[in-house]
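First comes the structure, then the notes that go with it.
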């Protein structure tokens, strides 16, 4: 079967059922967004992707050959920044080399302020209108304030080639032709639960979506949460919250 690029995976979800939930996020971490649950349909994901892609392409001149460092947790916002990067043919960089990328997308104000290239400062909270400390990184784009001003339709200037670099994780590189990894054992339209690092989450999301499925992404570990009951209520069919296994490995 010919490989699909990430943009085609998202387009297929939109064609199949734009209103169906494709990414559900639970925050069980200790931070200010603890207890947050976010559910995104394919249409909503595509809207975020378009806005982020337009910001990258139009404001930051990103495209094929540009590296975009995602200095983010495995978060629903990281998912659309990765997809936006792939839509415009740039390279997602995750891990120890993320802060050395051409464009840095980060929740860390100090990292945004210190970055030599372009930086985007991300606020995790769903309803944030601006980053509370954006003044400390005056050259960075305040995502919460600026992203909504960008268009809901993305037209990439250049489409990626299968041989182009899609993902770099601590120096391990994956081409566009190989970044979407089907998981035949998951079946059709799987509901996949993940609680893991960003790189594994991104490849897991692509694998689930490529099979016409969806993802429940869990951040942190709250002892008060009955995770099995939650995942049962979410109709999860593939539970990888404890395995940490990367799809395709």
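Residue numbers (the working numbering): 1 to 249. Don't be surprised by glycine CBs; every beta carbon is placed ideally from N, CA and C. Because the structure is a prediction, the values reported are computed rather than measured.
Do residue 56 and residue 50 have their C-beta atoms closer together than 7 Å?
No, the Cβ-Cβ distance between residue 56 and residue 50 is not below 7 Å.
Per DSSP, residue 202 is paired with what?
Bridge partners of residue 202: none, in fact.
If you draw a straight line from the alpha carbon of residue 102 to that of residue 206, how long is it in whole angstroms?
So the alpha carbons of these two residues sit roughly 24 Å apart.
Quick one: give me the first and last residue of the beta strand (DSSP E) that residue 119 is part of.
118–121 is the extent of the beta strand (DSSP E) around residue 119.
Sort out for me which residues DSSP pairs residue 219 with in a bridge.
27
Do residue 81 and residue 217 come within 7 Å of each other at the CB atom, strictly closer than that value?
In this structure, residue 81 does not lie closer than 7 Å to residue 217 by Cβ.
Can you tell me whether residue 87 is buried or exposed? The criterion is at least 16 other CB atoms within 10 Å of its CB, across all chains shown.
buried
With DSSP collapsed to three states, give me the class of residue 4.
coil
Applying the criterion that 16 or more other CB atoms from any shown protein chain within 10 Å of the CB defines a buried residue, is residue 157 buried or exposed?
exposed
Using a Cβ-Cβ cut-off of 8 Å (strictly less than) and excluding sequence neighbours within five positions of residue 39, which residues of its own chain qualify?
21, 23, 24 and 25
Can you check which of these residues, 43, 29 and 241, is closest to residue 221 by C-alpha distance?
29
Which whole-angstrom value describes the C-beta separation of residue 201 and residue 74, a residue pair presumed to lie in contact below a C-beta threshold of 8 Å?
Yes, residue 201 and residue 74 are in contact; Cβ-Cβ is about 4 Å, under 8 Å.
Can you name, in chain order, every residue of its own chain whose Cβ lies under 6 Å from the Cβ of residue 233, other than the five neighbours on each side?
Excluding residues within five positions, none has a Cβ falling inside 6 Å.
What are the boundary residues of the beta strand (DSSP E) that residue 191 is part of?
First-last of the beta strand (DSSP E) with residue 191: 191–194.
Express the C-alpha separation of residue 16 and residue 4 in angstroms, rounding to a whole number.
16 Å
In chain order, which continuous runs of the alpha helix (DSSP H) of length 4 or greater are located wholly inside the segment 91–162?
109–114 and 143–146
Whose C-alpha, out of 64, 43, 41 and 109, is nearest the C-alpha of residue 176?
64
Below 7 Å between beta carbons: does that hold for residue 169 and residue 215?
no
Less than 8 Å between the CB atoms is what I'm expecting for residue 113 and residue 137, so what's the real figure, rounded?
4 Å
How would you label residue 245, buried or exposed, when you count the other beta carbons within 10 angstroms and need 16 or more for buried?
Note that residue 245 scores 45 on pLDDT, short of 50, meaning its location in the model is unreliable; the coordinates nonetheless yield the value given after this. By the neighbour-count rule (16 or more Cβ atoms within 10 Å), residue 245 is not buried but exposed.
Taking 7 Å as the threshold (C-beta atoms), are residue 79 and residue 70 in contact?
Cβ atoms of residue 70 and residue 79: not closer than 7 Å.
Whole angstroms is fine: what's the gap from residue 6's alpha carbon to residue 199's?
15 Å
Can you name the start and end residues of the alpha helix (DSSP H) that residue 69 belongs to?
Note, residue 69: premise wrong, no alpha helix (DSSP H); beta strand (DSSP E) at 67–71.
Leaving out the 5 sequence neighbours to the left and right, which residues in its chain are closer than 7 Å to residue 164 when beta-carbon positions are compared?
64, 89, 175 and 176
For residue 44, which of helix, strand or coil comes out of DSSP?
helix
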